[in-house]
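Structure, as structure tokens:
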Amino acid sequence: MNIFRLCGDMSHLAAIIILLLKMWKTRSVAGISGKSQILFATVFTARYLDLFTSFISIYNTCMKVFFIGTVYFTIYLIYMKFKATYDSNHDSFRVEFLIVPVGGLAFLVNHEFAPLEIIWTFSIYLESVAILPQLFMISKTGEAETITSHYLFALGSYRALYLCNWIYRYYAEGFFDLIAVVAGVVQTILYCDFFYLYITKVMKGKKISLPA
Amino acid sequence: CENNKPHDEL
Chain H
54 MNIFRLCGDM SHLAAIIILL LKMWKTRSVA GISGKSQILF ATVFTARYLD LFTSFISIYN
114 TCMKVFFIGT VYFTIYLIYM KFKATYDSNH DSFRVEFLIV PVGGLAFLVN HEFAPLEIIW
174 TFSIYLESVA ILPQLFMISK TGEAETITSH YLFALGSYRA LYLCNWIYRY YAEGFFDLIA
234 VVAGVVQTIL YCDFFYLYIT KVMKGKKISL PA
Chain R
259 CENNKPHDEL
């Protein structure tokens, strides 16, 4: 464990908590893409299959349980509890255009052609594009609530911090995982446009409103 | 460099 990865995990944790607070406090899921949350649930389920087979640390197990639990709770809030406030018309990204290529790529490019490894690789590739339905929804509605912007900033920062973690681990431990790094770079690049808007607008107290 | 077995990151 290193400071970059710890900050990354805390940023990821903060994003999930911010999202839950937004939903619970406003009793609304307006502006939140249910499809992205379903993709994140798929990512966590696929990645944490080893939850019961390989024990890394208490921290690792607790975080995995928390991530899986909260993402399914988020889906419950979107599609059941606050269903009336879910904006399905604007949440229209075709996720099959993500899942099929990512699934194919996981079969072709992985560290080891073994079931658990291919599923892990699938979760890494899927996570790098899982935010697209959410960013697509914001571009369609033309705006994002400030609290949603904070959620996205924390979520984008988490993988950017993981990139720093991988640089550190490369020099400190000789650790290098090309698949995770490439997917992490793609994932972070997808947020760049949003990071720019966040820093130039939200940090100055303005709201993010894209030219519709 | 070796990649991580088992995957020890979240």
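Those sequence lines, one after another, are chains H and R. Position one of the first sequence corresponds to residue 54 (the numbering used here), numbered consecutively onward. Position one of the second sequence corresponds to residue 259 (the numbering used here), numbered consecutively onward. For each residue, glycine too, the CB sits at the ideal point set by N, CA and C.
TODO: Put H/Y196 into one of helix, strand or coil per three-state DSSP.
DONE: Taking the first residue of the first sequence as 1, we reach residue 196 of chain H at position 143. It is Glu, not Tyr, that sits at residue 196 of chain H in the sequence shown. Strand, per DSSP.
- [ ] Assuming H/K172 and H/A99 form a contact by the criterion Cβ under 8 angstroms, report the distance between their Cβ atoms to the nearest whole angstrom.
- [x] The count along the first sequence starts at 1 and reaches residue 172 of chain H at position 119. The count along the first sequence starts at 1 and reaches residue 99 of chain H at position 46. A quick correction: the sequence has Ile, not Lys, at residue 172 of chain H. Right, their Cβ atoms sit about 5 angstroms apart.
Open item on the list: Please state the DSSP three-state secondary structure of H/I184.
Closed with: Mapped onto the first sequence, residue 184 of chain H falls at position 131. In the structure shown, H/I184 sits in coil (DSSP, three-state: anything other than H, G, I, E or B).
Task: CB contact below 8 angstroms: H/S210 versus chain R - done: If you number the first sequence from 1, residue 210 of chain H lands on position 157. So no, H/S210 is outside the interface.
Open item on the list: Counting only beta-carbon separations shorter than 8 angstroms, does R/C259 have a partner in chain H?
Closed with: Taking the first residue of the second sequence as position 1, residue 259 of chain R is located at position 1. Note on R/C259: pLDDT 43, under 50, position unreliable in the model; no value is reported.
Task: Proximity test, Cβ basis, 8 angstroms: H/M76 and chain R - done: Locating residue 76 of chain H in the first sequence gives position 23, counting from the first residue. Output row for H/M76: interface = no.
Task: Short-range partners of chain R found in the segment 114-148 of chain H, where Cβ spacing is below 8 angstroms - done: M116, K117, F120
Task: Local conformation of H/S52 per DSSP, three classes - done: The structure shown has nothing for residue 52 of chain H, since chain H only spans 54 to 265.
TODO: Have a look at H/T253 and H/V238 and give me their C-alpha separation to the nearest angstrom.
DONE: Position 200 of the first sequence holds residue 253 of chain H. Position 185 of the first sequence holds residue 238 of chain H. Distance between the alpha carbons of H/T253 and H/V238: 22 angstroms.
Open item on the list: Going by C-alpha to C-alpha distance, which of H/I69, H/Y221, H/I261, H/A207 sits closest to H/V124?
Closed with: Here residue 124 of chain H refers to the residue found at position 71 of the first sequence. Checking every option, the nearest Cα to that of H/V124 belongs to H/I69.
Task: Same chain only: Cβ atoms within 6 angstroms of H/L127, ignoring 5 sequence neighbours per side - done: The sequence position of residue 127 of chain H within the first sequence is 74, counting from 1. What sits at residue 127 of chain H in the sequence shown is Thr, not Leu. Cβ neighbours of H/T127 beyond the five flanking positions: Q90.
- [ ] Leaving aside the five residues before and after H/H65 along the sequence, list all residues of the same chain whose C-beta is less than 6 angstroms from its C-beta, in chain order.
- [x] Your numbering for residue 65 of chain H matches position 12 in the first sequence. Around H/H65: Y211.
TODO: Tell me, please, whether the segment 100-116 of chain H touches the segment 160-175 of chain H by the rule of three or more beta-carbon pairs shorter than 8 angstroms.
DONE: yes
- [ ] Go ahead and pull the three-state DSSP assignment for H/T241.
- [x] Position 188 of the first sequence, counting from 1, holds the residue named residue 241 of chain H. Helix at H/T241.
- [ ] Would you be able to state if there are at least three C-beta pairs under 8 angstroms between the segment 74-88 of chain H and the segment 182-199 of chain H?
- [x] yes
Open item on the list: Could you check whether the Cβ of H/S107 sits closer than 8 angstroms to any Cβ belonging to chain R?
Closed with: Indexing the first sequence from 1 puts residue 107 of chain H at position 54. Closer than 8 angstroms: yes.
Open item on the list: I'd like to know if H/D103 contacts chain R, where contact means its C-beta is closer than 8 angstroms to some C-beta of that chain.
Closed with: One-based indexing of the first sequence puts residue 103 of chain H at position 50. Closer than 8 angstroms: yes.
- [ ] Could you check what DSSP says for H/H203 in three-state terms: helix, strand or coil?
- [x] Working through the first sequence from its first residue, we reach residue 203 of chain H at position 150. The answer is helix: DSSP assigns H/H203 an H, G or I state.
TODO: Could you tell me the distance, in whole angstroms, from the CA atom of H/G156 to the CA atom of H/S181?
DONE: Translated into the one-based positions of the first sequence, residue 156 of chain H becomes position 103. Translated into the one-based positions of the first sequence, residue 181 of chain H becomes position 128. Cα to Cα, the separation comes out at about 13 angstroms.
Task: Exposure label - H/N142; buried when at least 16 CB within 10 Å - done: If you number the first sequence from 1, residue 142 of chain H lands on position 89. Per the 10 Å Cβ criterion, exposed.
TODO: Verify whether the separation of the beta carbon atoms of H/C217 and H/F119 is less than 8 angstroms.
DONE: Taking the first residue of the first sequence as 1, we reach residue 217 of chain H at position 164. Taking the first residue of the first sequence as 1, we reach residue 119 of chain H at position 66. Contact flag unset, no.
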